[in-house]
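Q: Numbering (this note's numbering), first residue to last: 24 to 293. Sharing a structure with you now.
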Ligand SMILES: NC(=O)c1ccc[n+]([C@@H]2O[C@H](COP(=O)([O-])OP(=O)(O)OC[C@H]3O[C@@H](n4cnc5c(N)ncnc54)[C@H](OP(=O)(O)O)[C@@H]3O)[C@@H](O)[C@H]2O)c1
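Below, the structure is given as structure tokens:
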């Protein structure tokens with residue numbers, strides 16, 4: 024990438040939270056590498072960012088759930104001397120009980136949320152530690168804090184992201200590294216996520232929805248403060264705190280009630 028501007032490498036940049044990270048970081052004079060499968064959407068965003076004065080916006084259209092796609096992304100990261108931020112944001116959800124779900128789709132989720140996050144972090148972190156600068160944001164979810172029926176792989180892979188990030192933070196602290204890591208744990212956010220899932224935005228009340236802008240603002244603010252786990256929005260902070268303080272049997276009843284109300288269990292009132 025030309026110049027000496029700090030570079031942000033953003034996966035899942037073709038829509039939603041990833042595109043919002045791109046817009047906000049471009050406004051902070053970052054050069055961008057925008058990664059997702061939909062090339063046209065990435066080209067459109069790169070054009071918009073250049074027109075708005077971005078230092079540099081490059082696209083990498085690739086499927087991070089495949090070996091070849093992941094290798095291309097790793098290679099691009101390793102060749103970047105000015106890498107300042109890696110944002111592991113690409114992700115998707117599914118519905119249905121695990122034993123009935125489509126096996127290859129479940130595998131793709133694990134490849135994208137777990138394998139891609141681990142490998143891209145590995146490709147980025149050594150250089151950041153050596154340069155004594157940089158940060159990695161892993162876009163997890165409030166779903167990381169509880170297991171929910173009909174969402175088993177999603178909750179499990181996001182829980183992995185949180186624990187992975189906490190482990191990295193611990194390691195970095197022991198070597199006195201200024202490199203920052205964060206697990207960003209949003210609640211319901213208005214993006215294309217629920218359309219891709221095929222359920223729209225009406226299954227839960229409007230008060231639960233956040234904007235991608237608010238989520239990204241909380242993340243960047245948290246990164247500046249060195250917060251390892253960032254939960255945007257007071258409502259979700261309270262929810263996670265309550266779930267940590269609540270006895271298991273009450274938690275289970277509340278989760279099953281939520282799952283019924285949101286159509287994740289039979290007898291649903293969507
Ligand atoms: N929206 C929510 O309520 C919510 C809540 C908590 C956490 N999150 C997390 O936030 C992250 C971003 O989601 P979003 O809400 O912004 O949803 P979104 O608008 O659907 O964006 C998902 C992004 O991931 C990319 N992607 C999906 N599969 C990919 C693959 N195999 N390879 C490369 N890129 C891939 C998509 O691009 P292409 O289709 O072009 O590849 C898209 O850019 C996800 O990790 C999600 O789990 C979302």
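Ideal placement from N, C-alpha and C gives every residue a C-beta, glycine not left out.
I'd like to check one pair, residue 175 with residue 121: are the Cβ atoms closer than 8 Å?
A: Cβ atoms of residue 121 and residue 175: closer than 8 Å.
Q: Nearest CA to the CA of residue 219: which residue from 126, 118, 181?
A: 118
Q: Please classify residue 261 as buried or exposed, where buried requires at least 16 other C-beta atoms within 10 Å of its C-beta.
A: Sixteen is the threshold: since fewer than 16 other Cβ atoms of the shown chains lie within 10 Å of the Cβ of residue 261, the residue is exposed.
Q: CB-CB under 6 Å to residue 291, same chain, minus the five flanking residues each way: which ones, in chain order?
A: Caution is warranted here: a pLDDT of 44 is assigned to residue 291, below 50, making its placement in the model unreliable, and no coordinate value can be reported.
Q: Less than 8 Å between the beta carbons of residue 226 and residue 286, yes or no?
A: yes
Q: Opposite residue 205 in the DSSP bridges: which residues?
A: 160
Q: Straight-line CA distance for residue 43 to residue 81?
A: Residue 43 and residue 81 have their alpha carbons spaced roughly 16 Å apart.
Q: In chain order, which beta strand (DSSP E) runs of at least 3 residues are fully inside the stretch 159-240?
A: 203-207
Q: Rounded to whole angstroms, what is the Cα-Cα separation between residue 150 and residue 251?
A: 20 Å
Q: Give the DSSP-derived three-state secondary structure of residue 152 in the structure shown.
A: helix
Q: Is residue 31 helix, strand or coil when you go by DSSP?
A: In this structure, residue 31 counts as strand in the three-state DSSP scheme.
Q: What ranges does the beta strand (DSSP E) occupy inside the stretch 60-84, keeping only unbroken runs of at least 3 residues that lie completely in it?
A: 79-84
Q: If we ignore side chains and look at the alpha-carbon of each, how far apart do residue 57 and residue 98 end up?
A: 14 Å
Q: Given this structure, state the Cα-to-Cα distance separating residue 96 from residue 186, to the nearest angstrom.
A: Between residue 96 and residue 186, the C-alpha separation is close to 23 Å.
Q: From the DSSP output, in three-state form, read off residue 279 for me.
A: helix
Q: Please report the residue range of the beta strand (DSSP E) in which residue 108 lies.
A: 106-111
Q: Excluding the 5 residues flanking residue 34 on each side, which residues of the same chain have their C-beta closer than 8 Å to its C-beta?
A: 41, 58, 59, 87, 96, 110, 111, 112, 113, 139, 143
Q: Indicate the three-state DSSP secondary structure (helix, strand or coil) for residue 38 in the structure shown.
A: coil
Q: Starting from residue 253, follow its DSSP beta bridges and name the residues at the other end.
A: 207
Q: Give every residue of the same chain whose Cβ lies closer than 8 Å to the Cβ of residue 165, excluding the five residues on either side of it in the sequence, and list them in chain order.
A: 208, 209, 210, 254, 259, 262, 263
Q: Write down the C-beta distance between residue 39 and residue 179 rounded to the nearest angstrom, noting that I regard them as a contact closer than 8 Å.
A: Not really, about 22 Å apart at Cβ, beyond 8 Å.
Q: Does ligand 1 have even one heavy atom less than 7 Å from the beta-carbon of residue 255?
A: no
Q: Assign residue 181 to buried or exposed, taking buried as 16 or more other Cβ atoms, counted over all protein chains shown, within 10 Å of its Cβ.
A: Residue 181 should be labelled buried.
Q: For residue 57, write down the residues that DSSP places opposite it in a beta bridge.
A: 33, 82
Q: In angstroms, rounded to a whole number, what distance separates the CA positions of residue 163 and residue 26?
A: 32 Å
Q: Does ligand 1 have even one heavy atom less than 7 Å from the beta-carbon of residue 140?
A: no
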